[in-house]
Structure formats: structure tokens, C-alpha cells
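A.B. asks:
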Amino acid sequence: QNDGTRRLHEFSVAPDGERETIHEIEDSTRTPPYERPYYHAAVTAGTAVWTESYVFLGSGEKLDVPGISRAVPVFAPEDGRLLGVLTADFDLHALSSFLGEVNLGDEGLCFMAELAADGSPRIIAHPAAIDPDPNARLKLMEPAPGGEGLVMIHAGHVADPRVTKALSSIGLDLSELCPTLHTMHIKVGNHHYTGGFRHLGRAGGPDWIICMLLPDDQIFGAVHHMARLMLLMGLAGVVVAGALSMALSRRVASTLGTIAGETREIGRFRLGAKAPVQSRILEVNTLATAVEEMKTGLRSFQKFVPAELVRTLVESGQEAELGGERRELTVYFSDIVGFTSISEQLPPETLVELLSHYLGEMTGEILKNSGTVDKYIGDAIMAFWGAPRPNDAHALTACRTALANQARLRELRVEWRKHDLPELRARIGLHTGEATVGNFGSPDRLDYTAIGDTVNVASRLEGLNRIYGTDILISAGTFAATGNAIITRPLDRVAVKGRDGGILVHELLGESGSIPEETIIRRDLYAAALEQYLQREWKSALAGFDSVLELKSDDVAARLMRTRCEELHATPPAADWNGIFRAPK
């Protein structure tokens, strides 16, 4: 406020946009957000970070809530300027409460520790931390050095000797500690404990350890009691107990094995939806549900980035960085014919639904054929094959995808006609060549894309379809890279915008063995006429294009070339004429 005080106004927002005030404090002592640990950590890292545990300021303006935060810096898209930091806070009391519900008997213990950046261990969750009796409650916070505020307590100051003994047994060097279950045996006073611990740390996440301890007499006391019962029950009891024990252990092991398999699939970024594993053990049920919820969140995330790229990064264990490399790619561009006029005729909600349906169907075929969807530009789609994973048959795969998308569009037009919707048509351009592909942008916001002449040529080829009345145009480079697997019609030698030299442009007709005989005859007549055209044999070329038009009177390309032959025959070009058509800009 103007007088230097801070006015705290906390509120919740209802679905209808109305704000409901939780409470207001005119002169708040709360530390400004930009002075808090999560703010500095996120701004320094320039990306999403997990903070170490620290003490939140509760609703009563008191530092009394231990927790951690997930902080994400937000930058202005136009200039990369820092707008603020978005956080999600997690109360560690809830974790202590959860551990308190784990039934380990009267003397059993389950706790969690954090290894701070300075190497000091802290206890972040302990069942006694939420004891309703204030005198019995375990303290996880202590006054900060200097006496101002509270900090998480050092593990060595925790008033539970089992904790300090267990951490001493584990040690603090976790760099070589694999994230599997490790066992331990400790002695506290006259009591022996058997337990296990697991390192939960991962790159970019909190460095945590979960530890469980059980008194030996509690474990083995039950074993001895069972042995006495088995002696009394005799051999039959031994057999029955053994069978039941084996069945139960297999059932639990099978359930946990299934959950472990799901987590491995998540590590490979394979996120297929499945029903959570069911178990009569509450903790196993909770774990299985949490795994499926994690997969749901990651499935939403993968819609914003190429899934194959993320899968490659996860498998490599490397963080995405700025930079690119030269790769041979086949680039795909498509655009809807007359989309501007279509958009002017439809209500906005109908237009959005129609465009979403179209993009979903086209994108599905690209992903099905292992393509990388680079971006959507309005109604246009840019995709490529050959990166991030190599694909030796990228040209052929791209051609098959283009043919499949046009076939799917023909089916969709039948559906749209029944619902009185515009029957969308699309033009596609494909070009194969070297491009620079990789992560471009800033260290804080990366975009995986391909740039270079190959991308530009593919875009120009898509636009040339309108001149020749075709649906799919490919370059000579793409045709050569497919071998004899596809059938094309060579259309013209064209210099696209941005290039001085010409390239031979082909119309993609289909895969070998799938083209009607009359289409092959018309293709051969056109190809022969084109060759005569390039040899300056105007009369022969004119007759050839007439033959094509006799078979298909609405062949736009043949009619265009026939008109050129007439003009060139009437006014012959200069001696250095090379047959290259300069595409309009």
C-alpha cells in the first residue's frame, strides 16, 4: 500500500467467476512472494523447480506449516520478460498424517528425510509430528539462526534416537545409491530393529529418503508364536499354512509387480490408460491410484510437445538443451483449400468443431506413421519424418501418410455432406533434403522444430497445387528416395520462391500396384509430352497434352501446359530457355 504496509487479501474463485473472501489482513507481516525461497529458486533456474522443505506462513500470520513448493517461472511470450512465478504448495503435515496411518505396530516407525543442498539431513515427515498431545508431539521445526522465523530441524536434533541412528547407518553420500529397497539393522539402547530404506531422489526433484523400522521382537515374536501353533496343529497345519502363505505372498508380489511394470512404462513415456490395480491392502490401492493419476497428467502434457521427442529425452536421461543438427528429413505441409471463405460462412463454434475434427484426423495418421508434428499454423499442418528418431524410409512413410490423409478426407466429406457442413479439401506438399532440426528459442522456452531450405520448398510445393489442380505434390528428391514404391506424374520444372534453380515437380498418384490402368496411360502420355516440351518440340508436345485432355477433359495441369505450348510456338523463347517455370510469389 502507499504507506508501506502490506494488505493481504486471500480469496477463492467459484466456477462462475465470483470471488469469495477467505480473510483479509490490513497490515500483513507475510514476506513478499518475491523474497521467498521458491521465487529465487525458480528465477535462478529459469525453469520449473522443486524447493527444499521450508516453513510456510499459516493463515494466522505464523510460521508454523512445513512444506515444499513446485515453482514455475512465467515469461512474456513476446520478449521473454519475467512476469512472475506460479507455485503449488504441498503441506508436509499431510505426509506425516499419512505415515501415521501406516500400521506398523506399537513400536514400528516409518519416517521420511530430505538431504538439503548443503548436505544436512532434515526430517520432513514423522508420525509423531501430528500427535494430538502437544507434549508428545515431535518437533520438526526450530528457530532460524539469528532468531527470526523458523526453519526445518536438522535430523541430528530430532528427539527420536531411532531416526538419528537410522540416518547414521545410511550415510549422507547418496550419489551412488540406486532407487531400490535397501535393508538395515540398527540397535537403539537394548532394542534391535530391522528395516528398509529407499532413495526417492531424481533429477529436478526433491532428494528424499523413506525409511521403515520394525522391532526384531515384534517381527520374530510372531514367527515363534506361529511355530508353536504349527507344532500343535501337526503336519496338516503346516501344509495349510504354507499354502496360504505362498498364495498371499504371490498375490501381493503380483500386484506390486504390476505396479512396478506401470512405473517402468511411465519412465519410457508410454502412457496408455488402464484401470488401477485393485488390492485389499489400502496402501497398495493408494499407490496404484496415484500411478494412474500421474499417467493422466503426463498424457495431458504430451499433447503440447512431440511425444517421441520426450520419450527420447527420458530414455537418454538428458535435459533438453538449445542446439540443432543437420539431418535428412522429409517435410510435410498441408493446407485447407479456401479456408478463409469457409471460416467467414460458419459460426465460430461450428468452425472450431469442424477444424478440430479435421486436424485430429490428419494428425492421427501422422502420429500413427511415426511422424513428428512440428506445429499448426491456423488450418495448416507442418510435420516431418527422420527426427528425433532416425527413419531410413522417411520419404516413403511421408508419401503413404499423405495418401492416407487424402483417402480419409474423402470419407469425411461424405459425413460432412450429411450434416450440411463444408466438404473440406486439402493440398499437401512433400520435400526431402537436409535441414537443421533441434531445440530453438531461449534457455527458458524451447521449441523443437526444423528450419532451412528443405522446409521452405515443402511449403512452396503445397502452394503449387492450386496452379496444377493437384492434391499432393512432391519433389524429385522425395520421389528418388522412395525407389519404385510409388507412382507419380512428372508435372513441370519449377523454380519456387527463394530458389534460382528449378526442380522437377511430381504429382503423387499412389503406391505401386494400386493405380488404375487408365491413370497410368494418362500419366505416360503426359510425361512424354512434358519431355517434348522441355526439348522445345512445341507441336509434338501440344498433341501429347491434347491426348491427355481427351482422356480427362478437366486435367488442369495438361490444359495449363497446352496453353504454354501454344504461346511458345507462336512466340518462340530465347536460345537460353531452359523450361523452368517461375512460380508466382
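Residues in the sequence shown are numbered from 1422 upward in steps of one, following this note's numbering.
Backbone N, C-alpha and C fix where the C-beta goes; we use that ideal spot for every residue, glycine too.
Any chance you could list the alpha helix (DSSP H) runs of at least 4 consecutive residues sitting entirely within the stretch 1902 to 1957, in chain order?
C.D. replies: Runs found: 1938 to 1955.
A.B. asks: When we look at the beta-carbon of H1606 and count the other beta-carbons within 10 Å, is it buried (16 or more) or exposed?
C.D. replies: By the neighbour-count rule (16 or more Cβ atoms within 10 Å), H1606 is not buried but exposed.
A.B. asks: Identify, in the order they occur along the chain, each residue of the same chain with its Cβ nearer than 6 Å to the Cβ of V1506, setting aside the five sequence neighbours on each side.
C.D. replies: Taken in chain order, the residues that qualify are Y1460, A1463, A1492 and P1494.
A.B. asks: Using the Cα positions of E1814 and T1903, report the straight-line distance between them to the nearest angstrom.
C.D. replies: Per the sequence shown, residue 1814 should be read as Ala rather than Glu. C-alpha separation (whole angstroms): 7 Å.
A.B. asks: In the structure shown, what three-state DSSP assignment does P1436 receive?
C.D. replies: Correct three-state label for P1436: coil.
A.B. asks: What do you reckon, are the CB atoms on P1636 and H1612 nearer than 8 Å?
C.D. replies: Yes. Within cutoff.
A.B. asks: Please classify A1549: does DSSP put it in a helix, a strand, or coil?
C.D. replies: Helix.
A.B. asks: Does DSSP put A1823 in a helix, in a strand, or in coil?
C.D. replies: In the structure shown, A1823 sits in a helix (DSSP, three-state: H, G or I).
A.B. asks: Considering R1619, what are the terminal residues of the alpha helix (DSSP H) in which it resides?
C.D. replies: It is not in any alpha helix (DSSP H) - R1619 instead sits in the beta strand (DSSP E) that spans H1612 to H1620.
A.B. asks: Should L1411 go down as buried or exposed, given a rule of 16 or more other Cβ atoms within 10 Å for buried?
C.D. replies: An answer regarding residue 1411 cannot be provided, because it is not within the stretch 1422 to 2006 covered by the chain.
A.B. asks: Does the distance from the C-beta atom of A1816 to that of T1891 stay below 8 Å?
C.D. replies: No, these two residues do not count as a Cβ contact at 8 Å.
A.B. asks: Would you kindly report the start and end of the unbroken alpha helix (DSSP H) that includes K2008?
C.D. replies: This structure cannot settle anything about residue 2008, because the visible part of the chain is limited to 1422 through 2006.
A.B. asks: Residues in its own chain within less than 7 Å of C1986 by CB, not counting five upstream and five downstream?
C.D. replies: Y1954, W1959, A1962, L1963 and F1966.
A.B. asks: Do R1914 and L1925 have their CB atoms nearer than 8 Å?
C.D. replies: For R1914 and L1925, yes; Cβs fall inside 8 Å.
A.B. asks: Suppose the cutoff is 6 Å on Cβ atoms and the five residues either side in sequence are ignored; what does the same chain contact list for I1893 look like?
C.D. replies: Taken in chain order, the residues that qualify are A1823, I1849 and L1929.
A.B. asks: According to DSSP, simplified to helix, strand and coil, what is P1454?
C.D. replies: In this structure, P1454 counts as helix in the three-state DSSP scheme.
A.B. asks: Taking contact to mean 3 or more Cβ pairs, one atom from each stretch, closer than 8 Å, check whether the stretch 1939 to 1958 and the stretch 1970 to 1980 are in contact.
C.D. replies: Result yes; three or more Cβ-Cβ pairs closer than 8 Å.
A.B. asks: To the nearest angstrom, how far is it from the Cα of S1764 to the Cα of V1470?
C.D. replies: Taking the straight line joining both Cα atoms gives about 42 Å.
A.B. asks: For G1738, collect the residues of the same chain with a Cβ closer than 6 Å to its Cβ; drop the 5 residues on either side in sequence, then sort them by chain order.
C.D. replies: For G1738, the predicted structure reports a pLDDT of 48, less than 50, and the residue's modelled location is therefore unreliable. A value from the coordinates is still provided. Contacts found: none.
A.B. asks: How many angstroms separate the CA atom of P1811 from the CA atom of V1858?
C.D. replies: Using only the alpha carbons, I get a separation of about 12 Å.
A.B. asks: I'd like to check one pair, A1901 with H1927: are the Cβ atoms closer than 8 Å?
C.D. replies: No; because the gap between Cβ atoms is not below 8 Å, this pair is not in contact.
A.B. asks: Considering only their Cβ atoms, is the gap separating T1793 from L1851 smaller than 8 Å?
C.D. replies: Their beta carbons are not under 8 Å apart, which means L1851 does not touch T1793 by this criterion.
A.B. asks: Kindly list the residues whose CB is nearer than 6 Å to the CB of K1796, restricted to its own chain and excluding five residues on each side of it in sequence; keep chain order.
C.D. replies: If we look at K1796 and ignore the five residues flanking it on each side, its Cβ neighbours are M1803.
A.B. asks: In three-state terms, what does DSSP make of P1582?
C.D. replies: Correct three-state label for P1582: helix.
A.B. asks: When you compare the CB of T1870 with every CB in chain B, is at least one pair closer than 8 Å?
C.D. replies: The chain inventory of the structure shown lacks chain B, comprising one protein chain alone.
A.B. asks: Of the residues V1609, T1601, K1608 and G1884, which one's Cα is nearest the Cα of G1617?
C.D. replies: Closest option to G1617, Cα to Cα, is T1601.
A.B. asks: Alpha carbon to alpha carbon, what distance is there between F1861 and L1867?
C.D. replies: Those two C-alpha atoms are separated by around 6 Å.
A.B. asks: Compare the Cα-Cα distances from G1919 to each of L1912, G1931, D1874 and G1521 and report the closest residue.
C.D. replies: Residue D1874 is the option with its Cα nearest to G1919.
A.B. asks: Can you give me the C-alpha to C-alpha distance between R1428 and E1441, rounded to a whole angstrom?
C.D. replies: Cα to Cα, the separation comes out at about 17 Å.
A.B. asks: Measuring alpha carbon to alpha carbon, tell me which of G1807, V1876, Q1766 and E1535 ends up nearest S1755.
C.D. replies: Answer by Cα proximity: V1876.
A.B. asks: What distance in whole Å lies between the Cβ atoms of M1562 and A1546, which are believed to be in contact at a cut-off of 8 Å?
C.D. replies: With a Cβ gap of about 13 Å, A1546 and M1562 do not count as contacting.
A.B. asks: Mapping DSSP to helix, strand and coil, what is I1574?
C.D. replies: The answer is coil: DSSP assigns I1574 none of H, G, I, E or B.
A.B. asks: Rounding to the nearest angstrom, what Cα-Cα distance links L1588 and H1620 in this structure?
C.D. replies: In a straight line, the C-alpha of L1588 is about 12 Å away from that of H1620.
A.B. asks: Going by DSSP, name the residue or residues bridged to T1870.
C.D. replies: T1870 is bridged to G1859.
A.B. asks: Using the Cα positions of T1992 and G1745, report the straight-line distance between them to the nearest angstrom.
C.D. replies: If you take the alpha carbons of T1992 and G1745, they lie about 50 Å apart.
A.B. asks: Can you tell me where the alpha helix (DSSP H) with S1514 in it begins and where it stops?
C.D. replies: It is worth fixing the name first, because residue 1514 is His in this sequence and not Ser. Element bounds for H1514: L1513 to G1521.
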